[in-house]
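Remarks on the structure that follows.
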Amino acid sequence: MPRFRYLAQEATGKSIQGVVRADNYNQAVATLQGQGYVLLSIDELLERRGLFYFGSKVSDTEKMFMAERLASLLKGGLPLVRALHIISNSEALVNFRPTMERIVEDVGRGTELHVAFAKHPQEFPSIWPSLIEVGEASGGLPQSFQFIAQYLAIQIEVRGKIISALAYPAVLMVASLGIMTFFTLKIVPTFAVIFESFNIQLPFLTRALVAGSEFLRSHAFFIVVAIVSAGSSLRLFLQTHNGVVAWIAVRRYVPFFGQLLSTLELQSFLNSFQVLVSAGVSMIKSLEILEKLMATNPMLQDKVAAMRRQVANGGSLGAAFAAQGFPATIVDMVRSGEESGALTEMLSSLARYYLDEINILVRRFTAVIDPVLIVFMGSLVAVLVIALFLPIFQLSSVAR
5 MPRFRYLAQE
15 ATGKSIQGVV
25 RADNYNQAVA
35 TLQGQGYVLL
45 SIDELLERRG
55 LFYFGSKVSD
65 TEKMFMAERL
75 ASLLKGGLPL
85 VRALHIISNS
95 EALVNFRPTM
105 ERIVEDVGRG
115 TELHVAFAKH
125 PQEFPSIWPS
135 LIEVGEASGG
145 LPQSFQFIAQ
155 YLAIQIEVRG
165 KIISALAYPA
175 VLMVASLGIM
185 TFFTLKIVPT
195 FAVIFESFNI
205 QLPFLTRALV
215 AGSEFLRSHA
225 FFIVVAIVSA
235 GSSLRLFLQT
245 HNGVVAWIAV
255 RRYVPFFGQL
265 LSTLELQSFL
275 NSFQVLVSAG
285 VSMIKSLEIL
295 EKLMATNPML
305 QDKVAAMRRQ
315 VANGGSLGAA
325 FAAQGFPATI
335 VDMVRSGEES
345 GALTEMLSSL
355 ARYYLDEINI
365 LVRRFTAVID
375 PVLIVFMGSL
385 VAVLVIALFL
395 PIFQLSSVAR
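If you read the sequence shown in our numbering, its first letter stands for residue 5, the second for the next number, and so on.
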């Protein structure tokens with residue numbers, strides 16, 4: 005029986021997360037609503053999903069390319085079903101083929117396009133069907149897919165900057181680990197045999213290195229099992245609601261990364277918001293969609309939910325941002341946008357502003373971490389070499 009992971013709110017307003025078994029998507033929704041839950045998001049868990057599953061096999065780059073092609077095909081006057089057929093048969097989008105074939109089948113039977121896309125939340129988050137629905141209602145489907153492509157382009161750009169910034173430090177860390185492992189498991193045991201023949205008291209640094217090498221060699225299997233088990237348990241814990249909340253609470257104390265992750269989430273939130281508003285989605289509907297999109301951060305999700313309720317009760321968007329403690333820059337620009345009728349432009353400016361902030365943080369991180377890691381690697385190698393050659397120097401002194 006299929007399993008569905010859900011995020012919902014109880015009658016008290018508390019957010020909960022869990023997994024429910026049901027024959028299909030509609031039955032899962034009905035079951036949860038029957039328990040009095042207000043659903044925020046629900047996704048089917050793939051059968052292959054397990055410890056080493058990392059999400060949809062379709063990359064954001066492929067999704068962006070698909071949205072751009074659909075926008076071009078529809079703008080060129082092709083009928084919708086024909087355009088979808090072309091996408092599903094594209095060799096460049098082979099990972100999309102099974103999903104697109106089901107969408108083509110649904111649309112061919114008369115299903116609205118946004119409903120057909122909504123049946124595949126694993127590949128298409130809620131922002132997709134929402135923008136597509138607006139396009140269907142207004143006759144502007146090409147523009148909707150263009151908005152989606154622009155949204156994904158910024159997400160890809162941000163992710164690329166982060167990966168580029170972390171790639172070099174990651175290589176240095178892996179190299180450091182490799183050097184330590186090679187020295188500890190191969191070089192040190194060879195020197196240890198030689199040291200035994202010296203019949204001298206080894207320096208403390210050398211004794212510590214030899215003892216560490218012997219411990220690692222004799223307990224290597226258990227150490228690997230412990231590391232894998234700890235990593236697996238941590239990953240599973242971070243997939244739970246309590247795990248996510250704990251991680252958000254802890255990360256703010258991690259230098260650089262806490263600020264970077266918070267800025268990334270703000271930028272993603274503002275980018276999504278400006279895309280929805282630009283596409284003509286109503287304010288309440290936009291906030292509902294954003295509430296679902298922020299499922300990975302329950303604290304931010306709760307803020308968006310409170311904003312939605314405040315706006316629905318007649319409050320201004322600027323006041324809603326202020327009430328939830330958003331930065332003054334955001335509050336001031338949103339208020340200015342509301343007063344001047346240029347909210348879309350202000351949200352777009354904010355998204356670009358936080359994108360620039362990410363660039364600054366990444367450059368600052370790279371400027372600091374690269375020399376630190378180089379010094380760390382040099383110091384590590386120096387300590388290992390000194391520990392191995394100290395007994396030789398000591399023996400030479402005794403011989404003289």
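Every residue gets a Cβ at the ideal spot worked out from N, C-alpha and C, and that includes glycine.
Option nearest residue i by Cα separation, candidates the options
i, options, result
"Val111", "Leu88, Tyr29, Gln263, Ala174", "Leu88"
"Met287", "Asn301, Thr267, Gly322", "Gly322"
"Leu280", "Ala224, Gln150, Ile20, Ala309", "Gln150"
"Lys18", "Ile373, Ala309, Ala324", "Ala309"
"Glu105", "Asn99, Gly114, Ser92", "Ser92"
"Val98", "Leu84, Ser272, Lys67, Ser76", "Lys67"
"Phe208", "Leu388, Arg25, Leu189", "Leu388"
Classification of residue i by the beta-carbon crowding that lies within 10 angstroms, buried from 16 upward
i, result
"Glu295", "buried"
"Ser201", "exposed"
"Phe58", "Here Phe58 scores only 43 on pLDDT, less than 50, and its place in the model should not be relied on; the value that follows carries that caveat. By the 10 Å Cβ count, Phe58 comes out exposed."
"Arg312", "buried"
"Tyr358", "buried"
"Gly54", "The predicted model places Gly54 with a pLDDT of 38, which falls under 50 and marks its position as unreliable, so this point remains unresolved."
"Thr185", "exposed"
"Ala316", "exposed"
"Phe56", "Confidence at Phe56 is low in this model, with a pLDDT of 37, below 50, so the placement of that residue is unreliable and no value is reported for it."
"Pro302", "buried"
"Gln243", "exposed"
"Thr65", "exposed"
"Val8", "As written in the sequence, residue 8 is Phe, which differs from the Val given in the question. Per the 10 Å Cβ criterion, buried."
"Asn203", "exposed"
"Lys307", "buried"
"Ser344", "exposed"
"Ile231", "exposed"
"Leu189", "exposed"
Distance, residue j Cα to residue i Cα
i, j, result
"Val23", "Tyr41", "13 Å"
"Ala326", "Phe219", "56 Å"
"Glu14", "Thr348", "33 Å"
"Asn30", "Phe121", "15 Å"
"Glu51", "Ala283", "The pLDDT assigned to Glu51 is 44, lower than 50, so where the model puts this residue is not dependable; a value taken from the coordinates is nonetheless given after this. Spanning the two alpha carbons is a distance of roughly 35 Å."
"Asp360", "Ala215", "50 Å"
"Pro129", "Val228", "37 Å"
"Ala355", "Tyr155", "11 Å"
"Tyr172", "Arg86", "45 Å"
"Gly143", "Ser134", "14 Å"
"Ile20", "Leu238", "19 Å"
"Val249", "Ala212", "40 Å"
"Ala391", "Ala12", "57 Å"
"Gln126", "Gly235", "25 Å"
"Pro146", "Leu84", "10 Å"
"Val119", "Ser290", "17 Å"
"Gly247", "Leu77", "44 Å"
Whole-angstrom C-beta distance between residue j and residue i, which should lie under 8 Å
i, j, result
"Glu95", "Leu117", "Not confirmed; about 23 Å, so no contact."
"Met381", "Ser217", "Their Cβ separation, rounded to whole angstroms, is 19 Å, which puts Met381 and Ser217 out of contact at 8 Å."
"Leu240", "Phe273", "In fact, because the Cβ distance is near 27 Å, the residues do not count as touching under 8 Å."
"Pro331", "Phe199", "The pair is not a contact, with the Cβ atoms about 60 Å apart (cut-off 8 Å)."
"Leu170", "Leu377", "Not quite, the Cβ-Cβ distance comes to about 11 Å (not below 8 Å), so this is no contact."
"Lys165", "Val372", "Wrong, their Cβ atoms sit about 16 Å apart, outside the cutoff."
"Ile362", "Val162", "6 Å"
* **Whole runs of the alpha helix (DSSP H) within the stretch 184–239, excluding any shorter than 4 residues** => 192–200, 208–222
* Which parts of the stretch 306–374 are runs of the alpha helix (DSSP H), unbroken and 4 residues or longer, counting only runs that do not cross its ends? -> 321–327, 332–344
* To do: Within the stretch 278–308, note down every full alpha helix (DSSP H) run reaching 4 residues or more, in order along the chain.
  => 287–297
* To do: Please list the segments of the alpha helix (DSSP H) lying wholly inside the stretch 103–159, counting only runs of 4 or more residues, in order along the chain.
  => 117–122, 131–142
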